Structure formats: C-alpha cells, structure tokens
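Numbering follows full-length UniProt numbering, with no gaps: position 27 of the sequence shown is 27.
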Amino acid sequence: MEEDPTTQLLALLQSKTEELNTLQSQQNSSQSAVLSREIINLVDTAPPLNGLPKLARAKLLYYKGRALATKDTYDKSAEDNLTRSVKLDPTNGDAWNWMGEMLYLKGDYAQSKRCFEGALEHTGPNKEILRKLSMISRFVGNDEERKNNVANSVGLAKQALAIDIKDGNSWYVLANAHLTNFFINRPSSEELNRALKAYGQAENFLDAPNPDLCYNRGEAYKYLERYQEAIIEFQKAHELDPALNAQGQISQIMELVSLINQKIRTSCGIKKKTLSAMVKTMPITIKSKPFGENYSPAHLGLLEAGKNQSKILICKVLGTAASGPEATPAVFIACDSQGIFFCLSVYNINSQIHQLFTFESVLFIGDPLLSKVQLTFGEINIEYWNIKVVDPNSLLIDSKKIEGACSPGVVVNQAL
Numbered sequence: 001m002e003e004d005p006t007t008q009l010l011a012l013l014q015s016k017t018e019e020l021n022t023l024q025s026q027q028n029s030s031q032s033a034v035l036s037r038e039i040i041n042l043v044d045t046a047p048p049l050n051g052l053p054k055l056a057r058a059k060l061l062y063y064k065g066r067a068l069a070t071k072d073t074y075d076k077s078a079e080d081n082l083t084r085s086v087k088l089d090p091t092n093g094d095a096w097n098w099m100g101e102m103l104y105l106k107g108d109y110a111q112s113k114r115c116f117e118g119a120l121e122h123t124g125p126n127k128e129i130l131r132k133l134s135m136i137s138r139f140v141g142n143d144e145e146r147k148n149n150v151a152n153s154v155g156l157a158k159q160a161l162a163i164d165i166k167d168g169n170s171w172y173v174l175a176n177a178h179l180t181n182f183f184i185n186r187p188s189s190e191e192l193n194r195a196l197k198a199y200g201q202a203e204n205f206l207d208a209p210n211p212d213l214c215y216n217r218g219e220a221y222k223y224l225e226r227y228q229e230a231i232i233e234f235q236k237a238h239e240l241d242p243a244l245n246a247q248g249q250i251s252q253i254m255e256l257v258s259l260i261n262q263k264i265r266t267s268c269g270i271k272k273k274t275l276s277a278m279v280k281t282m283p284i285t286i287k288s289k290p291f292g293e294n295y296s297p298a299h300l301g302l303l304e305a306g307k308n309q310s311k312i313l314i315c316k317v318l319g320t321a322a323s324g325p326e327a328t329p330a331v332f333i334a335c336d337s338q339g340i341f342f343c344l345s346v347y348n349i350n351s352q353i354h355q356l357f358t359f360e361s362v363l364f365i366g367d368p369l370l371s372k373v374q375l376t377f378g379e380i381n382i383e384y385w386n387i388k389v390v391d392p393n394s395l396l397i398d399s400k401k402i403e404g405a406c407s408p409g410v411v412v413n414q415a416l
C-alpha cells in the first residue's frame, strides 16, 4: 500500500534536514543556504496545516523553523514556527533546541536556557545541547543566581565532555566555563590553571585554530601574570582574527609591566634618606605566632622561587600599580627589610581588604610564593621579582588578621 503524499513529504524533509545539519556542522554556508531554501519550498507545498494531523503539523513547522535558523542572526519567522511546533509536540527535543538557538540570538537568555533544558529532557544526554546549556547558563541571572549558574556551567560542560572525551568543542566550552567561574565566583587561581589545561586539550582535538581560544587563553595567562605567554597567545589571536582587538590586550600588559618595572627601579620615587628611615621602622621579628609554630621571619633574599613553607615575609606597601575592587589581581609595590623592592600581587580580595592597603602598611605574608616575571617584547626586556598572595588569610596588615574580609569565592573554596 502506497504511503500518502504527506507521509512521503515528511520523510523527504527529515532526510534533507539531516543533510542540512551535516552541512552546517561542516560550516558549508553556501550549500546550507541552498538546501535551507529547498526545505522551505517543500514545506510550502504541503496541504493546509489545519487539515493535517497534529503531529504532522508539528513536524512541518519544525522543518520550516529549522531551515530558517541557518544563519547566525535572529529570525522571527524561525522562532514563530518553532514555537508553534513545540506547542503541538512538546516531546520534540530538536525543536526545543533550535528554538533555544533563536532565543539566544535574540538576546532572551533566560528563555533560551529553558528551551535547552526542554531539549535535554526529551533527547536524553546530548553533548551539543549540554554545551549550549553550559554557555547560556553563564549569561542568566543576577547576583547570587548568576554566580550559581556560572558554577553549574562547569558541571554541564563536564557532562558534555564525559559523552565524548575527544571532542575539542567540549574541552573548549569547559575551559571557558572555568575561566568565567574564576572571574564571577573568585575561587582560587587554580581555576585558571584548570582553564589552561582544558584549552590545551581543546587545541589537541579541534580541526582548525580557534582565535577565540587563543584570546581567552591569553586572558588566563594575563591574570596569572604569565605575561610572556599571554602576549604570545594574543599575537596568535590577532593573526587569526584582527577584529578581536588582541593588540589592545598586549598594549595593556606592556603598560602595566612597564609601570611596575619603573616603580621598582626608581623605588617608587622615594629618596634614599627617606627610604632608609622607612626601612628602619619595619619590624624584623614577630612576637606572636600568627601562622602557627616553626615560622621564621624573612626578607626577599632568603626566599627561593616557589612556595616558601614556614617563612614569613615582612614588607611595607609603598606604591600601587593596579588597585581597586575590580583589579584581578590587585598589584602593589612593596619593599622588604633590606630595602629591596618587588611586585606584590594579591588575589581574591574585595573592597574591605583594599581599604586596608595604605601607604607604609606593614605586611606579614605567610608561606610567600616567589616568582620572577620576565618579559621580552621587541627591544624591551623587563624582569622583576613577584610575590603572589592567593589566599588573603595568609597575610596580616599592620599586625591585624583579615579573616572574614576575603571574597565569598575564597570562603566557598576553602569550605569544599
């Protein structure tokens, strides 16, 4: 017995829509546009929708909406067809998915998120939808809701990756989730290292270089103060896509590093006699035991590269290079008891802590983390010593502990 014309049309449309999905995944825009128009024309040849069964109407509306959703711009007609389709058949995960795409392009992130959640409900575990849900979650909500959504985006990206561990796109989405989580929830700087590892894996599995990956990896290196590596990544991003303005990031790095270097070289413009007096007033011993037993005071010359366990670096704040509640990290210029200047980078601090860093504040830094910043760019060669404070609870300011003033991200991180 022959199939009726509508059934035959639906089968043909399904086949052509699958072909369209393949062409789009291959980023073949010219053939996608031709096939999209063919699908729309086929749908328009169908009998009037009012005379068709409910599921047949839902499918025809889906195929037309899907064909209209081939461009990276919002299409109202695509949204309308997909909306009508899911109302007739709420179990069509593909229709939910493409409606989520349209609403994302429209800028309606909350509704887009709900659509992707609906798609996942009806398709089961799907790496592409999980990736989209991870990405859209980072845009949704205000204040605490957004913080929770960003944290959840990491888990969603991991679920996508678990389906296919060799999918470069899933690694890339996970890397971006870690990067966003660092800036929104302010966990430890280890979150940036997780992002860097995921970017490396993404690069291993992606078919072609991704300028956004290079740019984002440059951002992670920048905030870890690995400036040489950051500049290399920003240069790659600029070569692949000049519109990203990665050159602007390079200029910002050079301005900051040059400022830090200049302040260290010139002792923040403080005259030798004045500096000598400042150093003499700096304590060289600690009566209390703020960090526990077996800690000994130290100046910069007694430290080694890396974490200096059971040492307390005593220093004074004598300048700033990048400060304020939005600075990540906050960058100060400090001087030890021997009059040696260095860069002090403090992560995970909020406005309360910023107010405590004043000129000539005396700092006691437990287990100081020492590294050397080295940067070569053109004819410029810069190097200086850097002390990182990744946990504000590991320092005292003017003999006062600052527990309770650390950012919420640090508290959550420690509690876990």
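We put the beta carbon where it would ideally sit given N, CA and C, even for glycine.
Since the structure is predicted, the reported quantities are computational estimates derived from the model, not experimental observations.
Nearest-angstrom Cα separation, counted from residue j out to residue i
i: Ile-380; j: Gln-252; result: 15 angstroms
i: residue 425; j: Tyr-347; result: Outside the modelled stretch of the chain, which goes from 1 to 416, sits residue 425, for which no answer is possible.
i: Arg-114; j: Ala-69; result: 18 angstroms
i: Lys-16; j: Ala-237; result: 36 angstroms
i: Gln-31; j: Arg-217; result: 33 angstroms
i: Gly-301; j: Asn-193; result: 28 angstroms
i: Glu-203; j: Phe-116; result: 26 angstroms
i: Thr-328; j: Asn-261; result: 18 angstroms
i: residue 422; j: Cys-268; result: Nothing can be reported for residue 422: it is not among the residues displayed for the chain, which extend from 1 to 416.
i: Gln-14; j: Gly-200; result: 37 angstroms
i: Gly-124; j: Cys-214; result: 32 angstroms
i: Ile-163; j: Lys-289; result: 51 angstroms
i: Asp-89; j: Ile-184; result: 38 angstroms
i: Lys-54; j: Asp-4; result: 16 angstroms
Residues of its chain near residue i, where Cβ-Cβ distance is below 7 angstroms and the 5 sequence neighbours each way are ignored
i: Met-282; result: Ile-314, Lys-316, Ser-337, Val-362
i: Pro-209; result: Leu-240
i: Ser-189; result: Leu-224, Tyr-347, Val-390
i: Val-86; result: Asn-92, Ala-95, Trp-96, Met-99
i: Leu-259; result: Ala-321
i: Gly-118; result: Trp-96
i: Glu-191; result: His-178, Asn-181, Phe-182
i: Asn-28; result: none
Nearest candidate by alpha-carbon position, reference residue i, set the options
i: Asp-44; options: Tyr-227, Ala-67, Gln-26, Gln-27; result: Ala-67
i: Ile-382; options: Asn-393, Ile-286, Met-254, Glu-360; result: Met-254
i: Gly-339; options: Leu-318, Ser-85, Ser-36, Phe-359; result: Leu-318
i: Gln-355; options: Ile-39, Leu-12, Asp-398, Gly-378; result: Asp-398
i: Leu-196; options: Tyr-221, Leu-256, Phe-182, Phe-183; result: Tyr-221
i: Pro-47; options: Thr-6, Gly-107, Glu-219; result: Thr-6
i: Ser-137; options: Ala-330, Gly-107, Pro-125; result: Gly-107
i: Ala-56; options: Gln-8, Gln-27, Ser-296; result: Gln-8
i: Ser-134; options: Ala-157, Glu-121, Leu-120, Pro-125; result: Ala-157
i: Ser-276; options: Leu-303, Glu-304, Phe-341; result: Phe-341
i: Asp-72; options: Gln-24, Val-34, Phe-332; result: Gln-24
i: Ala-305; options: Pro-368, Gly-378, Pro-53; result: Pro-368
i: Leu-174; options: Lys-272, Thr-266, Ala-198; result: Ala-198
i: Ser-36; options: Glu-191, Ile-353, Glu-18; result: Glu-18
i: Lys-76; options: Leu-105, Tyr-172, Leu-52; result: Leu-105
i: Ile-333; options: Ile-353, Ile-286, Arg-265; result: Arg-265
i: Glu-360; options: His-299, Val-279, Leu-49; result: Val-279
Integer-rounded CB distance, given that residue j should sit under 8 angstroms from residue i
i: Lys-59; j: Leu-10; result: 6 angstroms
i: Val-389; j: Leu-395; result: 6 angstroms
i: Leu-130; j: Ala-160; result: 4 angstroms
i: Tyr-62; j: Met-102; result: The Cβ separation is near 12 angstroms, so there is no contact.
i: Leu-344; j: Ile-387; result: 5 angstroms
i: Gly-65; j: Asn-81; result: 3 angstroms
i: Glu-219; j: Leu-179; result: 7 angstroms
i: Ile-370; j: Asn-308; result: Note that residue 370 is Leu in the sequence shown, not Ile. Rounded, the Cβ-Cβ distance is 6 angstroms, consistent with contact.
Cβ neighbours of residue i in the same chain (closer than 6 angstroms, five flanking residues each side left out)
i: Gly-366; result: Phe-291, Ile-312, Ser-394
i: Asn-294; result: Ser-310
i: Ile-250; result: Ile-231, Phe-234
i: Thr-83; result: none
i: Ala-177; result: Ser-134, Ser-153, Val-154, Ala-157
i: Ala-78; result: Gly-65, Leu-68, Ala-69, Met-102
Cβ neighbours of residue i in the same chain (closer than 8 angstroms, five flanking residues each side left out)
i: Asp-167; result: Lys-127, Ala-160, Leu-161, Phe-205
i: residue 417; result: There is simply no residue 417 to check, as the chain begins at 1 and stops at 416 in what is shown.
Chain C within 8 angstroms of residue i, Cβ atoms only
i: Asp-391; result: Included in the structure is just one protein chain, with no chain C present.
Inter-stretch contact (C-beta, 8 angstroms, three-pair minimum) for the stretch 368–379 and the stretch 221–228: yes
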